[in-house]
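Below is one structure, written out as structure tokens, with a few remarks after it.
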Amino acid sequence: MIDIERLSATQAQPLLAALCDVLQGCVADGASVGFIDASDRAAIERFWQDKIYSLASGDNQLLVAYQQGVIVATVMVGFSAMPNGRHRAEISKLLVHPRARRQGIARRLMQQAEQLAAEQGKTLLVLDTRSGDVATDLYLSMDWQIAGSIPMYAESTEGVLDATTVMFKLLR
Ligand SMILES: CC(C)(COP(=O)(O)OP(=O)(O)OC[C@H]1O[C@@H](n2cnc3c(N)ncnc32)[C@H](O)[C@@H]1OP(=O)(O)O)[C@@H](O)C(=O)NCCC(=O)NCCS
């Protein structure tokens with residue numbers, strides 16, 4: 503059974519290690535999610551610590567999926583702080599630990615992330631994802647559209663410069 507919860511900064515702080523485990527597991531598996539070296543736990547901890555601080559402002563929101571009481575997946579919804587972008591939200595850090603994949607967890611997290619953004623009046627969602635990754639199929643199946651791709655955008659865990667695909671979804 504999968505439970506999805508939105509975490510405040512206070513709720514997320516004691517779960518820092520669990521959040522790092524998910525991100526570290528994905529990087530070790532070769533995911534293109536900002537990090538190259540999965541063994542650099544300190545960098546991964548700094549990343550999540552910054553994100554946890556940012557939850558307090560409300561500009562970022564964090565959803566996590568629990569399986570048997572353990573966090574196995576995350577997604578973040580980031581709201582633009584600029585006055586001309588108040589209608590917009592960015593989806594990031596959709597991460598499912600390799601041992602929890604292909605059970606529909608990412609799809610459920612995305613549904614809830616979209617619902618959360620819609621409830622807060624957002625009408626445009628954006629994200630980017632490594633070109634060719636299976637995540638693109640998930641987004642396309644949820645009515646996201648491809649805006650375009652940028653070559654040589656991010657270095658992979660294998661040292662290759664991969665393209666990224668920029669996607670968007672209009673919420674009605
Ligand atoms: C992409 C990712 C989030 C998918 O998580 P998941 O929980 O396994 O995905 P789901 O089970 O919800 O599958 C949703 C859809 O994604 C696609 N998909 C997911 N894994 C796939 C795979 N191994 N092969 C082909 N399609 C796949 C399918 O379209 C699937 O729909 P279907 O089950 O109806 O065929 C996960 O593989 C992951 O964390 N990858 C590394 C991090 C990453 O790349 N995140 C995206 C950053 S933008």
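The sequence shown begins at 503 in my numbering and counts up by one. All residues carry an ideal CB built from backbone N, CA and C; glycine is no exception. Because the structure is a prediction, the values reported are computed rather than measured.
Worksheet item: For the candidate residues Arg632, Ile593, Thr638, whose alpha-carbon lies nearest to that of Gln617?
Response: If we check each option's Cα against that of Gln617, Ile593 comes out closest.
Worksheet item: Hey, which unbroken runs of the beta strand (DSSP E) at 3 residues or more fall wholly within the region 564-588?
Response: Runs of the beta strand (DSSP E) inside the region 564-588: 572-581.
Discussion item. Assuming the contact rule is C-beta atoms closer than 8 Å, Lys671 and Leu642 should be a hit. Round their C-beta distance to whole Å, please.
Written reply: Distance from Lys671 to Leu642 at the Cβ level is roughly 10 Å; contact not present, criterion being Cβ atoms closer than 8 Å.
Practice prompt. Specify, as a first and last residue, the run of the beta strand (DSSP E) that Phe670 falls within.
Written response: Secondary structure note for Phe670: its beta strand (DSSP E) is the uninterrupted segment 663-672.
Item to complete: Since I believe Ala567 is in contact with Ile506 (beta carbons under 8 Å), could you give me their beta-carbon distance rounded to a whole number of angstroms?
Response: Their Cβ separation, rounded to whole angstroms, is 5 Å, which keeps Ile506 and Ala567 in contact under 8 Å.
Item to complete: Please classify Ala544: is it buried, with 16 or more other beta-carbons within 10 angstroms of its beta-carbon, or exposed?
Response: Answer is exposed; the Cβ neighbour count stays below 16.
Practice prompt. Could you spell out where the alpha helix (DSSP H) holding Leu557 opens and where it closes?
Written response: Element bounds for Leu557: 543-557.
Worksheet entry | Three-way DSSP call (helix, strand, coil) for Ile607 in this model | Assigned with DSSP and collapsed to three states, Ile607 falls in helix.
Item to complete: Check Gly560 in the structure and name its three-state DSSP category.
Response: Gly560 falls in the coil class under three-state DSSP.
Worksheet entry | Given 8 Å, three or more beta-carbon pairs between the region 597-604 and the region 537-551 | By the Cβ test, the region 597-604 is not in contact with the region 537-551, since fewer than three Cβ pairs between them sit closer than 8 Å.
Worksheet item: Is Arg508 near ligand 1, in the sense that its beta carbon is under 8 Å from a heavy atom of that ligand?
Response: Incorrect: Arg508 has no Cβ contact closer than 8 Å to ligand 1.
Practice prompt. Tell me whether Arg610 counts as near ligand 1, meaning its Cβ is closer than 8 Å to at least one heavy atom of that ligand.
Written response: For ligand 1, at least one heavy atom lies less than 8 Å from the Cβ of Arg610.
Item to complete: Given a cut-off of 9 Å, decide if Leu611 and Thr638 are closer than it, judged by their beta-carbon atoms.
Response: Contact flag unset, no.
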